Amino acid sequence: MQHLLGIAIKDYFENNLKTKVFTQTNLSSAEEFPVDYFFREIEEMPALEQVALELAYGKVLDVGCGAGAHAIYLQNVPSVECVEAIDVSPEAISVCQARGISQARVRDVMLCQGKYDTILLLMNGTGICGKLSNLLPFLKHLKMLLAPEGQILMDSSDLIYLFENEEGEFLVPQAEKYYGEVEFTINYNGETEELDWLYLSYDKLQHAAKKAKLQCEKIADGSHFDYLARLY
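Below, the structure written as structure tokens:
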């Protein structure tokens, strides 16, 4: 995998390169994604992310950490014992380390061991599942990583709004796959990367959590079909 977002993060951080990143899915047209979004401060983050960071405590695992915006903030929170920031992109992790995150590692969460009080999956944390069929084993693995009284905080968006008609009805076309399974394409500096990405309704998450023997509660709704959930 090329990890184009990680490369863009490193180019921006080390050389102030502002080459544009474009993202698109099979359900939406191409749009620019500003790389500086990965470097935002707490007050610039969406409300759902701010709520999640307020709830984090103890030993924290930040999954898909990007440039480390969440981990950097949490390192200075008294209720947080330590933060381990992981990402599959070596370029992103090198930036995290340069920004002072002492426990930043190149790692797939499915290969993680240990116990954590808080597992964070933000910026559409369900996305890394790729497909709905991967969700249950993913949640079961996260459950194994939880310390007693531990919690998983994740956000996502329900793409049902893409199928709303003029009368306000949601008409999802019959298909073999779940409508939240999208084919995600990233274009950066003449290179293209394709990956599966999962947007998940809260009902689907709640159903999978029950099968994984996890409690699931919605902490907050966002401004547009997005939500923050807590699993424990």
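Counted from 1, the sequence shown has number 172 at position 172 by the UniProt record's numbering; the numbering is strictly sequential. Backbone N, C-alpha and C define an ideal beta-carbon position, used for all residues, glycine too. Being a predicted model, the structure only gives us computed values, none of them experimental.
Assigned secondary structure, residue i (DSSP; H/G/I helix, E/B strand, else coil)
i, result
"aspartate 108", "coil"
"leucine 121", "strand"
"lysine 218", "strand"
"lysine 115", "coil"
"glycine 58", "strand"
"valine 63", "strand"
"methionine 144", "helix"
"alanine 175", "coil"
"residue 234", "Because the chain spans 1 through 232 in this model, residue 234 falls outside it and cannot be assessed."
"leucine 17", "coil"
"serine 133", "helix"
"glycine 150", "strand"
"glutamate 167", "coil"
"residue 238", "Limits of the chain in this structure are 1 at one end and 232 at the other, which puts residue 238 out of reach."
"leucine 43", "For the sequence presented, residue 43 should be read as glutamate rather than leucine. Helix."
Bridge partners - residue i, DSSP secondary structure assignment
i, result
"phenylalanine 22", "Glu32 and Asn187"
"valine 182", "Trp197"
"glutamine 50", "Partner(s): none; glutamine 50 has no beta bridge."
"aspartate 155", "Leu228"
"threonine 192", "Asn187"
Residue i vs residue j beta-carbon contact at 8 angstroms
i, j, result
"alanine 92", "aspartate 62", "no"
"tyrosine 232", "glycine 114", "no"
"leucine 27", "leucine 198", "no"
"aspartate 155", "leucine 228", "yes"
"leucine 120", "valine 60", "yes"
"alanine 71", "cysteine 96", "yes"
"isoleucine 219", "valine 77", "no"
"residue 234", "valine 80", "With the chain represented from 1 up to 232, any question about residue 234 goes unanswered, as that position is not in the structure."
"tyrosine 161", "phenylalanine 225", "yes"
"leucine 146", "alanine 208", "no"
Boundaries (first-last residue) of the alpha helix (DSSP H) holding residue i
i, result
"cysteine 96", "90 to 98"
"glutamine 206", "202 to 211"
"tyrosine 73", "69 to 74"
Span of the beta strand (DSSP E) around residue i
i, result
"aspartate 87", "80 to 87"
"tyrosine 227", "226 to 231"
Whole-angstrom C-beta distance between residue j and residue i, which should lie under 8 angstroms
i, j, result
"leucine 153", "threonine 118", "6 angstroms"
"glycine 64", "isoleucine 128", "6 angstroms"
"threonine 19", "asparagine 189", "5 angstroms"
"glutamate 181", "lysine 131", "5 angstroms"
"threonine 185", "glutamate 194", "5 angstroms"
"phenylalanine 38", "valine 21", "With a Cβ gap of about 10 angstroms, phenylalanine 38 and valine 21 do not count as contacting."
"glutamate 49", "leucine 142", "Rounded, the Cβ-Cβ distance is 19 angstroms, inconsistent with contact."
"glutamate 31", "glutamine 24", "7 angstroms"
"residue 253", "glycine 66", "No answer is possible for residue 253: it lies beyond the span of the chain, which begins at 1 and ends at 232."
"glutamate 176", "phenylalanine 170", "With a Cβ gap of about 19 angstroms, glutamate 176 and phenylalanine 170 do not count as contacting."
Residue i CB to nearest heavy atom of the ligand FAD below 7 angstroms
i, result
"glutamate 181", "Of ligands this structure carries none, so the ligand FAD is not represented either."
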